[in-house]
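So for the sequence shown, UniProt numbering puts the first residue at 1; every next one is plus one.
We treat Cβ as the ideally placed atom computed from N, Cα and C, and that holds for glycine.
Remember, it's a predicted structure, so these values are computed and weren't measured experimentally.
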Amino acid sequence: MNELDIIKIISKNLSYSNGVEKGIGDDCAVFKFENQHLVVTTDMMFKSTHFPSILTPFQIGMRVVTANVSDIAAMCAKPLGMVISMGFDNPKKTFIDEMSKGINFISKEYGCPIAGGDTNKAPELTLSGTAFGITDNPIYRGGIIGEDICITGDVGKVNCALKLLEMKDKGILGNIEFEKTMSEFPRIMKKLAEPKARVKEGLLLNKIITSCCDISDGLSKDLNYTGNFEINSKNLLNSVSEDVIEFCEKFDMDLLKTVLKSGEEFELLFTTPDFKKAEEKLKDINSVTKIGKVVESGKTVDGKSVELEGYVHKW
Numbered sequence: 001m002n003e004l005d006i007i008k009i010i011s012k013n014l015s016y017s018n019g020v021e022k023g024i025g026d027d028c029a030v031f032k033f034e035n036q037h038l039v040v041t042t043d044m045m046f047k048s049t050h051f052p053s054i055l056t057p058f059q060i061g062m063r064v065v066t067a068n069v070s071d072i073a074a075m076c077a078k079p080l081g082m083v084i085s086m087g088f089d090n091p092k093k094t095f096i097d098e099m100s101k102g103i104n105f106i107s108k109e110y111g112c113p114i115a116g117g118d119t120n121k122a123p124e125l126t127l128s129g130t131a132f133g134i135t136d137n138p139i140y141r142g143g144i145i146g147e148d149i150c151i152t153g154d155v156g157k158v159n160c161a162l163k164l165l166e167m168k169d170k171g172i173l174g175n176i177e178f179e180k181t182m183s184e185f186p187r188i189m190k191k192l193a194e195p196k197a198r199v200k201e202g203l204l205l206n207k208i209i210t211s212c213c214d215i216s217d218g219l220s221k222d223l224n225y226t227g228n229f230e231i232n233s234k235n236l237l238n239s240v241s242e243d244v245i246e247f248c249e250k251f252d253m254d255l256l257k258t259v260l261k262s263g264e265e266f267e268l269l270f271t272t273p274d275f276k277k278a279e280e281k282l283k284d285i286n287s288v289t290k291i292g293k294v295v296e297s298g299k300t301v302d303g304k305s306v307e308l309e310g311y312v313h314k315w
């Protein structure tokens, strides 16, 4: 089974939804209170699958907050706060000290205070966050036919960084060459180690976009949430940074596939009837690229069907 199979079984049995405006199937659950909406998300992370070996304890702390707050940003909501449950196998004081400093540092940046949580013993480091946000207009997944599909920032860096770690783990790159390559591509490694949730972008885009999600499982997989789509590869690749292009050339990687498969970027993927207005709104904080359109049928790049590749938990 994979996580989609499990979610399908669970969803079938969760019939009681009194008071829930939006349940399973979006970045956050949504509850309406008079003229405001409370949005809630949770994300669980394990050392063996979610924390690359190059991460410091400080960066691990940042990551668990960012992953949760990114879902709040995808609803175009303002973060209210967060609780974090922590499982430790063999905790060391220095690790916990540095990790909690990372949590505090990034929570201040997002305006999302850590209000509590739980601690317990676990077979490996396990961090599970639950974040809360508020908005008068939650933005859900699912675009409208004819609208532009856009992304903030650029995509591809994280896939390149993970590929570099994979080459080291498989012995394709020795330690010296690995360290040298990391120093050649610092911005690629930084986006893996210290991604940012696009909170300001989400708040500014609210009211002018019709759907939104964050790019977490892989661009081609997350595009599914816009509905049917036609992506223009030239437009998409025009947004890709020079260091990603250079990295793909250096290691003979297909640039388009690298970009489409890249996840945990935490950029916003959204649809809008007015790309220029979205671009203008974000001109001082982030770039916006129009990469395609929502269409009546089909899921294609340059007219060719695309495989919806991305990360799915499997058992």
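Classify residue i as helix, strand or coil using the three-state DSSP reduction.
| i | result |
| --- | --- |
| residue 193 | helix |
| residue 211 | strand |
| residue 52 | coil |
| residue 26 | coil |
| residue 149 | strand |
| residue 139 | coil |
| residue 61 | helix |
| residue 291 | strand |
| residue 186 | helix |
| residue 38 | strand |
| residue 6 | helix |
| residue 122 | coil |
| residue 45 | strand |
| residue 240 | coil |
| residue 279 | helix |
| residue 133 | strand |
| residue 233 | helix |
Is residue i near residue j, with beta carbons less than 8 Å apart?
| i | j | result |
| --- | --- | --- |
| residue 211 | residue 143 | yes |
| residue 80 | residue 33 | no |
| residue 83 | residue 111 | no |
| residue 180 | residue 229 | no |
| residue 317 | residue 294 | What the structure shows of the chain is the stretch from 1 to 315, and residue 317 is not part of that stretch, so it cannot be assessed. |
| residue 75 | residue 128 | no |
| residue 70 | residue 197 | yes |
| residue 120 | residue 156 | no |
| residue 134 | residue 38 | yes |
| residue 89 | residue 125 | yes |
| residue 215 | residue 222 | yes |
| residue 204 | residue 108 | no |
| residue 73 | residue 240 | no |
| residue 201 | residue 139 | no |
| residue 238 | residue 137 | no |
| residue 213 | residue 97 | no |
Which word fits residue i, buried or exposed, when buried means at least 16 other C-beta atoms lie within 10 angstroms of its C-beta?
| i | result |
| --- | --- |
| residue 220 | buried |
| residue 195 | buried |
| residue 123 | exposed |
| residue 105 | exposed |
| residue 152 | buried |
| residue 261 | buried |
| residue 191 | buried |
| residue 115 | exposed |
| residue 23 | exposed |
| residue 267 | buried |
| residue 78 | buried |
| residue 14 | exposed |
| residue 18 | exposed |
| residue 36 | exposed |
| residue 225 | buried |
| residue 9 | exposed |
| residue 254 | exposed |
| residue 209 | buried |
Residues in the same chain with beta-carbon distance under 6 Å from residue i, minus the five sequence neighbours each way, listed in chain order, please.
| i | result |
| --- | --- |
| residue 187 | 243 |
| residue 95 | 57 |
| residue 258 | 156, 159, 248 |
| residue 279 | 288 |
| residue 256 | 233 |
To which residues of the same chain is residue i closer than 8 Å at the C-beta, ignoring the five residues directly before and after it?
| i | result |
| --- | --- |
| residue 290 | 148, 149, 150, 235, 275 |
| residue 62 | 102, 103, 105, 106, 194 |
| residue 29 | 20, 22, 23, 39, 40, 41 |
| residue 189 | 54, 161, 164, 182 |
| residue 100 | 61 |
Might you give, ordered along the chain, the residues of its own chain that have their beta carbon closer than 7 Å to the beta carbon of residue i, omitting 5 neighbours on each side?
| i | result |
| --- | --- |
| residue 66 | 106, 195, 196, 197, 266 |
| residue 167 | 173 |
| residue 227 | 142, 143, 294 |
Assuming the contact rule is C-beta atoms closer than 8 Å, residue i and residue j should be a hit. Round their C-beta distance to whole Å, please.
| i | j | result |
| --- | --- | --- |
| residue 296 | residue 145 | 5 Å |
Kindly examine the ligand MG and report whether one of its heavy atoms sits closer than 7 Å to the Cβ of residue i.
| i | result |
| --- | --- |
| residue 153 | No copy of the ligand MG occurs in the structure displayed, which carries no ligand at all. |
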